[in-house]
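According to this note's numbering, the sequence shown is numbered sequentially starting from 6.
This report concerns only the one structure given below.
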Amino acid sequence: MQSDDEAYQPGLPYRPRANVTRKQSYNVPSPNEMVVDTDDYVGVPNAPEKESVTMISPEGGAEQEADQLQDLPLANDYDAMREVVLPPLLDEPKILEDYQHTWTVENWRSLGKRERGPIFHAGGYPWRILLFPHGNNTDQCSIYLEHGFEPDQIPENWSCCVQFGLVLWNPNDPSLYVNHAAHHRFTKEEGDWGFTRFVEIRRMFNVPWEGDSRPLVENDTANITAYVRFVEDETGVLWHNFTNYDSKKETGYVGLKNQGATCYLNSLLQSLYFTNAFRKAIYEIPTENDENMQNSAYALQRLFYQLQTSDQAVGTNELTKSFGWETRHIFEQQDVQELSRKLMERMEEKMKGTKAENVLPELFSGKIKTYISCINVPYESKRIEDFWDIQLNVSGNKNLLESFQDYIQVEKMDGENQYFAGDEYKLQDANKGVIFCSFPDVLNLQLKRFEYDIQRDMMMKINDRYEFPEVFDASPYLMEEADRSEPWIYQLHGVLVHSGDLNAGHYYAFIKPTKDGWFYKYDDDKVTKATLREVLEENFGGEYRPPHGYPRAPLQKKAPIMRQNSAYMLVYIRQSRLDKVLCPVTKEDTPALLRERFEEENALREARRREQKEAHLYMMAKVITNETFAKYGGTDLCVFDANPEVDPAAPKVYRIRRATPMSEFVAQVASDMGQDPSRVRLWLMVNRQNKTIRPDQPIMDLRPTVEEVFSRSAAHRDTSLRVWAEVANEVNENGEPVWPSYQSQPNGVVVKNDTILLLLKHFDVEKQTLEGVGHIYISKEKKVDDLVPMILQKMGWGDKLSSDEKLLMWETLKAAELQDGDIICFQRTSDKNGRVSDKAPQEANKWSDRVEDAREYYDFLEHKRTIKFHAHPTRSDPAQYPPFELVLNSKITYDVLVERVGAHLQAPSTHIRLWTVNASTNNPKTPVRRGTNPMLRQILSPMGSNTLNVTQRNDAFYFEVLEMSLAELDTKKNIKVTWLSEGITKEEQFDLLVSKTGTIEDLIQALVKKAKIPDEAEGGRIRVYETSSNRFYREPARDSPVMNLNEYTQIFAERIPEEEKAADENNFIHVFHFQNEVNRVHGVPFKFLLVEGEKFADTKKRLEKRTGIKGKSFEKIKFAIARRANYSKPQYLNDDDELWNIASSEDDYLGFDHPDRSRSLRNGVGDLFLR
């Protein structure tokens, strides 16, 4: 075997030689895919090995056929071959060094399974060719490039970015070869890369290669040439696989976790975070008195603080919860531009009255003038407004500067479109347009990558190429009078990118955190350094542009490949204000209380971490004492899952080391009980077959550890050690406890006698309570009556009862014979017969839940349900009817249930309507029907429901107190009406009950009564109208039947304004609200009276009065006419327009263009909102 090495510096592009007639294979694989065995280039089709290769000119068709053939070099023409196998990469990394190495492989078919070529040094590191001559578990020859380090000599964190090509060729005829190429980031973990399926073995020997007379491997000999190109890893992540990548360590910054579909939110938050003056302003908001997770300002402070101090990616859960978003919101991609505006508005509200009150307008707000200026007379109509971002058209513009020029282009108003310049100048030629008065320090540019396609009737993404500069001068787009004392030069700070299409895509951002540093790519939880090419060229959109010198595509020309990623939002900062905007933000700039809170949380988190780390060393123990037993009102000893912090009957809980001796544990329990440890012994609990838990036997040997005792216990249904603590009632003359059973002998043997342990519970008939009263011992030979004096002594009732009293007793297990741990329940009764009926407890269909004996009470406990009752949120007044709970027997009927509810509410039971509760939303579900008078348990758990498909809660109802009985209610129609009391700004919803034979007149009377408003004679006539999809639908006549009201419309009612009472119906225009695009409707539509000859400036005054929208909220509204014939393009109005003339058709609508501040759900889709 021989090898030839030769080093090359990057040379001139290869120009093919003419008149080469030998046949060769030509295979150009993709250098842009980081996978083994690939041969796909972006923009270059796969080329199967053929006898001749036809080239199609990219310019398309004017060249001669001879010029369409590309001649291929010989394998020993290393300069030429290098140009073929190492074409320019789309990444365009800087080339550091080229190297070529040839290995002559002899006796091919006699070689072993794996062979390595001689080591050659290039790029400062050792390399070699790795060959599997008979295939790497495949029927094809396998060839790889690998580093030549010894396993124990690889430098720590070593990496090297290499583009390489491997050529297998016949040394006797260099025109016969096959080649593949790839690129890879070589590391300690990924030290080799190449092609498992390089060429089929059956084609290599004794078979003419591609129509030639000679084989590829001749005389068992072939050459393998490795072309190696070392490129600069400028960002440290070129071709990185990001396994175990640490953003903080590599860049100093951390990312944000994606909750589901919140990448759009993450990109915006990173952009705002690195606008340092904004971050400082957020820290200035006083939140020390409102530190709750519903305060979005506090949640944003916490998020920014974590981005500033954390070593790991930060979650946004707290922030989205503070917005009021539910789970479904975080799995819906929202409009970033809308989110940005709403977040700014919310933070501006929070900053009012603080040091940072004017920071946001100073940072982000500029001024723009809308004008109509007459050409021949000195008359101009203008309006100056604030703007927070600029929406620029991508479609039809090649770059940012063209978009700005398009934005301020002047429209000529002449001919039939002349402008009316008042009574003095009449109709005049005029220029109409917008011009900027000033730009903000931070300029947010929204690129309109998504537009409505009228042919497809849907929103579409515009993937056109659109260039934007790193620096641009904004002064050409300013009015002449603008302040030019400082240059209006803007420098790129951030690029927010959308990858994908409208329905499925991903968002990330490129941001330059410092004035002179690098750009970084913020892709959810990953942060990487980025080149200027990644920031600019790769986000211009359009089709991929092959680098200079890219070889022509063989065989045919394919359709261009379009980039899926393109910029949709740009952030520029005015160069003269860079130091102010990107001011340093230190830990001291953060609120002191915020720092303290995080220090506390981190300390708690660390304590929990240590606790979890040591959790295997500890176990839980639950101890029932006489005190907890006495306070437990159930049939057993306790509920082991109860919380001792809130339930005094819950067992005491201990977290104890598993290796603790039982003697120490007993001492600890005794100390907590205030007892001598020698007088306390613990009984292990056992699970009985009837699903009760009882003391089984005492722990007499205290030498074993807690874990050993637990492991030997009879049952392990609980992960904790469960015990009952017995306190000795007697001691001997030596002060030692006397235990009636399980006595220890001097020889250490424990003897069990015929004495059994019984626990006592007393049922108090008057108080209707059940309580534990301790324990007693009794011989198995004794009769039940022998318990009476013991119980009398325990209760302090004297030596015996009076003649007319009896002591009734029940053994709760109903067992044939008593055993250790059984519970005896007793009650004192004055029943002269001394007997209780043997009949089963009667059905609980009576008014009262009072029971007369313990057996009935036990039955009640078995079927006891604590039910929560809440006033219906829209049909009742929660302030009048606060929530309450009732303890009920699940066997009571519907009639008894509403009787109990009515008694609590002091309302007739016939006027009570109950609603079931939706298990997932906790909203009212359906009204409860009386039907066949079902039992409570049937109402709460309907037939057919199980734990897997439960749709309603089984512990709660909503209720409403009706004005009439349910029977009368069936004759009424329920109508939801929204009462507009202050223009359209105040909405009050009422559920009205109107007779099914009633009219709109009756509906109005019902509204007057329910809303408690003056009647029409006193307050003025009322109009009722229907709306559909936030547009005016119709105004029904007053004598129209209510049954004709559409079930799917929303009904509004309002006082008719004085000016509209006698107006002609033909003089009204319908008004609706939209945001940016007319198909994004919201708000309350209404009808508005037109006045002939009225300028729109005066019309707006009437509109302000009509709607009740005042101040800045009204000033922010833009007004437009939307025509059905050209609905998608509204015509915006100016102060001098006359609405009477412009709205010429009944199909014309007046639109209010302003942000939607509502939280309602429309068509099942949640509009973006911040709480």
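Think of the CB as a built atom: it goes at the ideal place given N, C-alpha and C, for glycine as much as any other residue.
Residue 411 lies in the alpha helix (DSSP H); which residues open and close that run? Walking along the sequence shown from the start, residue 411 turns up at place 406. In the DSSP assignment, residue 411 falls within the alpha helix (DSSP H) that extends over 405–412.
Let me check understanding here. Comparing Cα to Cα, which of 985, 996, 824 lies closest to residue 1090? By one-based count along the sequence shown, residue 1090 stands at place 1085. Answer by Cα proximity: 985.
Kindly provide the ranges of any beta strand (DSSP E) runs that are 3 or more residues long and lie completely inside the segment 253–292, ordered along the chain. At a cut-off of 3 residues, not a single continuous stretch assigned as beta strand (DSSP E) sits fully inside the segment 253–292.
For residue 387, which residues from the same chain have a beta carbon less than 6 Å from its beta carbon, with the 5 sequence-adjacent residues on both sides left out? Here the question's residue 387 lines up with position 382 in the sequence shown. Cβ neighbours of residue 387 beyond the five flanking positions: 374, 376.
Residue of 878, 148, 896 minimising C-alpha distance to residue 919: Here residue 919 corresponds to residue number 914 of the sequence shown, with the count starting at 1. When each option's Cα is compared against that of residue 919, the closest is 878.
So, using beta-carbon positions, are residue 247 and residue 531 closer together than 9 Å? Counted from its first residue, the sequence shown places residue 247 at position 242. Counted from its first residue, the sequence shown places residue 531 at position 526. For the 9 Å CB-CB criterion, residue 247 and residue 531 form a contact.
Residue 320 versus 346, 284, 274, residue with shortest Cα-Cα distance: As a position in the sequence shown, residue 320 is number 315, starting the count at 1. For the options 346, 284, 274, the alpha carbon positioned closest to that of residue 320 is the one of 274.
Would the segment 132–150 count as touching the segment 192–209 if we require 3 or more Cβ pairs under 8 Å? Contact between the segment 132–150 and the segment 192–209 is present: three or more C-beta pairs spanning the two stretches fall below 8 Å.
7 Å CB neighbourhood of residue 360 in its chain, flanking five on each side removed: Position 355 of the sequence shown, counted from the start, is the residue given in the question as residue 360. Cβ within range, chain order: 289.
Residue from 128, 249, 746 with nearest C-alpha to residue 236: Locating residue 236 in the sequence shown gives position 231, where the first residue counts as 1. Of the candidates 128, 249, 746, 128 places its Cα closest to the Cα of residue 236.
Distance between beta carbons of residue 224 and residue 107, contact taken as under 8 Å: Translated into the one-based positions of the sequence shown, residue 107 becomes position 102. Translated into the one-based positions of the sequence shown, residue 224 becomes position 219. About 17 Å separates the beta carbon of residue 107 from that of residue 224, a gap too long to meet the 8 Å contact definition.
Residue 794: first and last residue of the uninterrupted alpha helix (DSSP H) it sits in: Translated into the one-based positions of the sequence shown, residue 794 becomes position 789. For residue 794, the enclosing alpha helix (DSSP H) covers residues 792–800.
Beta strand (DSSP E) containing residue 367: first to last residue? Locating residue 367 in the sequence shown gives position 362, where the first residue counts as 1. In the DSSP assignment, residue 367 falls outside any beta strand (DSSP E) and lies within the alpha helix (DSSP H) extending over 364–369.
Enumerated in chain order, which unbroken segments of the alpha helix (DSSP H) with a length of 4 residues or greater are wholly contained in the segment 1002–1049? For the segment 1002–1049, whole alpha helix (DSSP H) runs of length 4 or above, ordered along the chain, are 1005–1016, 1021–1024.
Between the segment 651–659 and the segment 686–701, do three or more beta carbon pairs fall short of 8 Å? No: fewer than three Cβ pairs fall under 8 Å.
Roughly how many angstroms lie between the CA atoms of residue 992 and residue 1012, to the nearest whole one? As a first step, residue 992 must be located in the sequence shown, where it is residue number 987. As a first step, residue 1012 must be located in the sequence shown, where it is residue number 1007. Rounded to whole angstroms, residue 992 to residue 1012 spans 14 Å at the Cα level.
Let's see if you can read the secondary structure: which residues bound the alpha helix (DSSP H) around residue 229? Within the sequence shown, the letter at position 224 stands for residue 229. Where residue 229 is concerned, there is no enclosing alpha helix (DSSP H), although the beta strand (DSSP E) around it starts and stops at 227–236.
Going by other Cβ atoms of all chains shown within 10 Å of its Cβ, with 16 needed for buried, is residue 936 buried or exposed? Translated into the one-based positions of the sequence shown, residue 936 becomes position 931. By the Cβ neighbour-count rule, residue 936 is exposed, with fewer than 16 other Cβ atoms within 10 Å of its own.
In chain order, what residues of the same chain lie with their CB nearer than 7 Å to the CB of residue 709, ignoring the 5 residues before and after it? Counting from 1 along the sequence shown, the entry for residue 709 is found at position 704. So the list reads 667, once near-sequence residues are dropped.
Please name the residue in 983, 119, 439 whose C-alpha comes closest to that of residue 996. In the sequence shown, counting from the first residue as 1, residue 996 sits at position 991. The option with the nearest alpha carbon to residue 996 is 983.
In three-state DSSP terms, what is residue 942? Numbered from its first residue, the sequence shown carries residue 942 at position 937. Of the three classes helix, strand and coil, the one that applies to residue 942 here is helix, per DSSP.
When you compare the CB positions of residue 1027 and residue 1061, do they come within less than 9 Å of one another, or not? Locating residue 1027 in the sequence shown gives position 1022, where the first residue counts as 1. Locating residue 1061 in the sequence shown gives position 1056, where the first residue counts as 1. Using a Cβ distance threshold of 9 Å, residue 1027 and residue 1061 count as a contacting pair.
So, at 7 Å on beta carbons, what are the nonlocal neighbours of residue 140 in its own chain, with the 5 sequence-adjacent residues on each side left out? Counting from one through the sequence shown, the residue named residue 140 turns up at place 135. So the list reads 146, 147, 206, once near-sequence residues are dropped.
Can at least three beta-carbon pairs, one atom from the segment 1068–1076 and one from the segment 1047–1060, be found at a separation below 8 Å? No, the segment 1068–1076 is not in contact with the segment 1047–1060.
Nearest residue (CA-CA) to residue 693, options 112, 669, 641: As a position in the sequence shown, residue 693 is number 688, starting the count at 1. The residue with the shortest Cα to Cα distance from residue 693 is 641.
Which stretch, first to last residue, makes up the alpha helix (DSSP H) that contains residue 975? If you number the sequence shown from 1, residue 975 lands on position 970. For residue 975, no alpha helix (DSSP H) encloses it, and the DSSP letter there is neither H nor E.
Just tell me which of 758, 738, 736, 735 has its CA closest to the CA of residue 746. Your numbering for residue 746 matches position 741 in the sequence shown. Closest in C-alpha terms to residue 746, from the list 758, 738, 736, 735, comes 758.
Count Cβ pairs between the segment 437–448 and the segment 352–372 that sit closer than 8 Å; are there 3 or more? Yes, the segment 437–448 is in contact with the segment 352–372.
Assigned secondary structure, residue 69 (DSSP; H/G/I helix, E/B strand, else coil): As a first step, residue 69 is located in the sequence shown; it is residue number 64 there, counting from the start. Unreliable placement is indicated for residue 69, whose pLDDT of 38 sits below 50; the coordinate value is still reported in the next sentence. Note: residue 69 maps to coil in three-state DSSP.
Between 155, 76, 160, 168, which lies nearest to residue 104 when the distance is taken from Cα to Cα? Numbered from its first residue, the sequence shown carries residue 104 at position 99. Cα-wise, what sits closest to residue 104 is 168.
Return the first residue and the last residue of the alpha helix (DSSP H) that residue 219 is part of. On the sequence shown, position 214 is the one that residue 219 refers to. Boundaries cannot be given for residue 219, as no alpha helix (DSSP H) includes it and DSSP labels it neither H nor E.
Burial state of residue 1053, where buried means 16 or more other Cβ atoms lie within 10 Å: Walking along the sequence shown from the start, residue 1053 turns up at place 1048. Burial call: exposed.
Spatial neighbours of residue 1000 in its chain, beta-carbon cut-off 7 Å, leaving aside the 5 residues before and after: On the sequence shown, residue 1000 is found 995 positions in, with the first residue counted as 1. Once the five neighbours on either side are set aside, the close Cβ partners of residue 1000 are 976, 977, 1007.
Give the single residue among 676, 916, 861, 885 whose Cα lies nearest to the Cα of residue 768. Locating residue 768 in the sequence shown gives position 763, counting from the first residue. Ranking 676, 916, 861, 885 by CA distance to the CA of residue 768 puts 861 first.
Determine, using beta carbons only, whether residue 690 and residue 663 come nearer to each other than 9 Å. On the sequence shown, position 685 is the one that residue 690 refers to. On the sequence shown, position 658 is the one that residue 663 refers to. No, these two residues do not count as a Cβ contact at 9 Å.
Taking the CB atoms as reference points, tell me whether residue 260 and residue 529 lie closer together than 9 Å. Within the sequence shown, residue 260 is the residue found at index 255, counting from 1. Within the sequence shown, residue 529 is the residue found at index 524, counting from 1. Yes, they are a contact pair.
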